[in-house]
Amino acid sequence: MKFMVCPQCGIDLFYVKNEKGERLNVKVSRELKIIPIDVSMSLEGFKLEILFCLGCSWSGKITELKKYLIE
3 MKFMVCPQCG IDLFYVKNEK GERLNVKVSR ELKIIPIDVS MSLEGFKLEI
53 LFCLGCSWSG KITELKKYLI E
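Everything in the sequence shown is counted per this note's numbering, starting at 3 for the first residue and increasing by one.
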């Protein structure tokens, strides 16, 4: 599967937060679908409007990601 990457550092690993500040590591498909890295986890309760990069200080909307291909 091909994933979207951070516009700042170019990696494909992000996290989202919930109301309690807990984090869930995710990737984003080329179709802009947010996919938990641990497929047994649910996105329920997590704020999906803002993604946080695991490689740098970038955070932003899913539409700001770049379409470089990493497999």
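Backbone N, C-alpha and C define an ideal beta-carbon position, used for all residues, glycine too.
Beta-bridge partners of L50 (DSSP): none assigned. With a cutoff of 9 Å on beta-carbon distance, V7 and K63 are scored as not near each other. Bounds of the beta strand (DSSP E) holding I37 are 36 to 38. Taking each of S61, I13, K22 in turn and checking the Cα distance to G47, the smallest one comes out for K22. Taking the CA atoms as reference points, I13 sits about 20 Å from V41.
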